[in-house]
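A short worksheet on the structure shown next.
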Amino acid sequence: MSRQFTKEEMDETAIHEAAHAVLFWHFDMGIEYTEIYVSKREDGRRGATSPKKKGPGSFCHDELKETVPCMEGIMVHLAGIAAHRVLRSKVPQTKSGSDWEKATTDAQALCYRPDDDEATLCRDWLLKRTENLIRGWDKLPKAIEALAKALLAKKPVDGVQRIEGSEATRIIEGVCYYSQDD
Ligand SMILES: [Zn+2]
Numbered sequence: 232m233s234r235q236f237t238k239e240e241m242d243e244t245a246i247h248e249a250a251h252a253v254l255f256w257h258f259d260m261g262i263e264y265t266e267i268y269v270s271k272r273e274d275g276r277r278g279a280t281s282p283k284k285k286g287p288g289s290f291c292h293d294e295l296k297e298t299v300p301c302m303e304g305i306m307v308h309l310a311g312i313a314a315h316r317v318l319r320s321k322v323p324q325t326k327s328g329s330d331w332e333k334a335t336t337d338a339q340a341l342c343y344r345p346d347d348d349e350a351t352l353c354r355d356w357l358l359k360r361t362e363n364l365i366r367g368w369d370k371l372p373k374a375i376e377a378l379a380k381a382l383l384a385k386k387p388v389d390g391v392q393r394i395e396g397s398e399a400t401r402i403i404e405g406v407c408y409y410s411q412d413d
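Take 232 as the starting number for the sequence shown in our numbering and just add one per residue.
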């Protein structure tokens, strides 16, 4: 059993996973669940968030290469990294980790070859675009913070603090649709 995460590490993971969930919601992909772990998994994961609909990355690899859904999928991959930059002014594990790899692979699948310049520009543009999406509507950072707070407040069951999609959606919509501007 690996060591338990510190409070700061848990906060970082909660923001990261909540950002994935809020972008799934924003792009109408639905949320299956979002969860964070109290200690590192064998595969290195600290949390997980899943959409209800078809995996967003699959659009980049289909024969049709549906550009907009593929781009939205890449933005969902990059949501955790973007949220840290916007909400915590931090650049966590930006150039490593499975999100970055998935974003890179999907951008390569979308773009023309033979070189990777276009894919690199595409991925980096979509990271900036994700940051601006989160920054551009003040409800989105609030929704990410609210969902992260709810994740952190969950009692761990077998080391997992989990929120099902319906509850996550309620929390996000509570902030985005029903809260007063202050
Ligand atoms: Zn992630």
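No residue lacks a Cβ here, since even glycine has one placed at the ideal position from N, Cα and C. The model shown is predicted, which means the values in this text are computed figures rather than measured ones.
Considering only residues of the stretch 317 to 358, which uninterrupted beta strand (DSSP E) runs meet the minimum length of 3 residues and lie entirely inside it, listed in chain order? none
Helix, strand or coil at T244 [DSSP, three-state]: Taking the sequence shown and counting its residues from 1, the one referred to as residue 244 is at position 13. Note: T244 maps to helix in three-state DSSP.
Any heavy atom of ligand 1 closer than 7 Å to the Cβ of G288? Here residue 288 is taken as the residue at index 57 of the sequence shown, counted from 1. Flag unset: Cβ of G288 not near ligand 1.
Going by Cα to Cα distance, which pick from P282, K284 and L318 is closest to W368? The count along the sequence shown starts at 1 and reaches residue 368 at position 137. Comparing Cα-Cα distances from W368 to each of P282, K284 and L318, the minimum goes to L318.
Return helix, strand or coil for E398, following the three-state DSSP convention. Locating residue 398 in the sequence shown gives position 167, where the first residue counts as 1. Three-state result, E398: helix.
Given a cut-off of 8 Å, decide if A334 and H416 are closer than it, judged by their beta-carbon atoms. Outside the displayed range of the chain (232 to 413) lies residue 416, so it cannot be described from this structure.
Short of 6 Å in beta carbon distance, which residues of its chain neighbour A379, apart from the five on each side in sequence? Order them along the chain. Within the sequence shown, residue 379 is the residue found at index 148, counting from 1. For A379, where only same-chain residues beyond five positions count, the Cβ hits under 6 Å are A245, I246 and A249.
May I ask you to list the residues that DSSP assigns as paired with V388? Indexing the sequence shown from 1 puts residue 388 at position 157. V391, per the DSSP bridge assignment.
Cβ pair L357, T298 closer than 8 Å: For the purposes of this step, residue 357 is identified with residue 126 of the sequence shown, where counting begins at 1. For the purposes of this step, residue 298 is identified with residue 67 of the sequence shown, where counting begins at 1. No, Cβ-Cβ distance for L357 and T298 is not below 8 Å.
Taking S289 as part of the alpha helix (DSSP H), name the residues at either end of that continuous run. Taking the first residue of the sequence shown as position 1, residue 289 is located at position 58. Segment S289 to H292, the alpha helix (DSSP H) holding S289.
Compute the Euclidean distance between the alpha carbons of E294 and D337, then round it to the nearest angstrom. Looking up residue 294 in the sequence shown gives position 63. Looking up residue 337 in the sequence shown gives position 106. Near 13 Å, if we compare the C-alpha coordinates of D337 and E294.
Identity of the residues DSSP links to E297 by a beta bridge: The count along the sequence shown starts at 1 and reaches residue 297 at position 66. Beta-bridge pairing links E297 to no other residue.
Backbone CA spacing between T400 and K285 [nearest angstrom]: Position 169 of the sequence shown holds residue 400. Position 54 of the sequence shown holds residue 285. Rounded to whole angstroms, T400 to K285 spans 18 Å at the Cα level.
Taking the continuous beta strand (DSSP E) assigned at T265, which residues delimit it? Position 34 of the sequence shown, counted from the start, is the residue given in the question as residue 265. Residues I262 to Y268.
Look at A313 and E240 and say whether their C-beta atoms are less than 8 Å apart. The residue you call residue 313 lines up with position 82 of the sequence shown. The residue you call residue 240 lines up with position 9 of the sequence shown. Not in contact: A313 and E240 (Cβ atoms no closer than 8 Å).
Between which two residues does the beta strand (DSSP E) holding T177 run? Since the first and last residues shown for the chain are 232 and 413, residue 177 lies out of range.
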